[in-house]
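Numbering (the working numbering), first residue to last: 28 to 199. Ideal Cβ positions, reconstructed from N, Cα and C, are used throughout, including at glycine. Take a look at the structure below.
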Amino acid sequence: MDSIRLFDQSALTIQDCGSKGRGVVTSVHIPARTTIDLCPILLFPTEEYTLHGQFTQLDHYTYRWLGGMALALGLGSMFNHSKEPNVGFQRDFENKMIRYSTLRDVAPGEELCISYGPNLWFPDMEDEDDAASKDSGYQGSGSRSPRSEFSDSEDETGDRFLSRLQIDNDEE
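Given below as structure tokens:
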């Protein structure tokens, strides 16, 4: 494996994000399609995970991986879920890494969130927030998330994710 450059994360903080718990928040504007982190993973082989890992707290933080389940080290385990994420991820199976990139411009003070997919194992705090917003008359922006277009969160291959990022960057 080649050397992998780490990212300057001085503009990112871990903060209390209310009902979601701790999460990653930016203090600066981050343009769309910016790689914000590259996290190594710790691979749990399928047998080990089935016998032990799935019964621990780690089960809430793992990603499906070839040959088992992976725990993202670094910020990768700190991104909360959103149905309209501003961060996508791409699994690099060969180098045992996960790349996290912004899906749209992200404003200072905004929480960075990924999609955990459609089958959540916990109550979606956004549903509760949406219900509270409807009660208060707030309707939101109505914008659709680009997650299916630029994220590995729905089991897309990493090559496809990168090729779309490359095509879009070439068009700019």
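So for Phe82, helix, strand or coil by DSSP? In the sequence shown, residue 82 corresponds to position 55, counting from 1. If DSSP states are grouped into helix, strand and coil, Phe82 belongs with the helices.
Is the beta carbon of Thr129 less than 8 Å from the beta carbon of Ile68? Here residue 129 refers to the residue found at position 102 when the sequence shown is read from its first residue. Here residue 68 refers to the residue found at position 41 when the sequence shown is read from its first residue. Their beta carbons are not under 8 Å apart, which means Thr129 does not touch Ile68 by this criterion.
So what does DSSP say about Ser46, is it helix, strand or coil? Walking along the sequence shown from the start, residue 46 turns up at place 19. It is helical.
Beta carbon of Glu137, beta carbon of Thr53: below 8 Å? Taking the sequence shown and counting its residues from 1, the one referred to as residue 137 is at position 110. Taking the sequence shown and counting its residues from 1, the one referred to as residue 53 is at position 26. Contact: yes.
Classify Leu100 as buried or exposed, calling it buried when 16 or more other Cβ atoms lie within 10 Å of its own Cβ. Your numbering for residue 100 matches position 73 in the sequence shown. Result: exposed.
Host beta strand (DSSP E) of Val114 (start-end): The sequence position of residue 114 within the sequence shown is 87, counting from 1. Here the beta strand (DSSP E) through Val114 covers 114-119.
Straight-line Cα distance separating Gly50 from Arg91: Locating residue 91 in the sequence shown gives position 64, where the first residue counts as 1. Locating residue 50 in the sequence shown gives position 23, where the first residue counts as 1. If you take the alpha carbons of Arg91 and Gly50, they lie about 21 Å apart.
In whole angstroms, give me the CA-to-CA distance for Thr40 and Pro112. Within the sequence shown, the letter at position 13 stands for residue 40. Within the sequence shown, the letter at position 85 stands for residue 112. Cα to Cα, the separation comes out at about 18 Å.
My output table needs one value for Glu111: the three-state DSSP class, helix, strand or coil. Reading the sequence shown from its first residue, position 84 is the one you call residue 111. Note: Glu111 maps to coil in three-state DSSP.
Does Asp64 pass the burial test, meaning 16 or more other C-beta atoms within 10 Å, or should it be called exposed? Here residue 64 corresponds to residue number 37 of the sequence shown, with the count starting at 1. It counts as buried.
For Ser37, which three-state DSSP category applies? By one-based count along the sequence shown, residue 37 stands at place 10. In this structure, Ser37 counts as coil in the three-state DSSP scheme.
My assumption, with CB atoms under 8 Å, is that Gln36 sits in contact with Leu102. Please give the rounded CB distance. On the sequence shown, position 9 is the one that residue 36 refers to. On the sequence shown, position 75 is the one that residue 102 refers to. About 7 Å; that satisfies the 8 Å criterion.
Nearest-angstrom beta carbon gap, Ala97 and Leu70 [assumed within contact, 8 Å]: Indexing the sequence shown from 1 puts residue 70 at position 43. Indexing the sequence shown from 1 puts residue 97 at position 70. Rounded, the Cβ-Cβ distance is 5 Å, consistent with contact.
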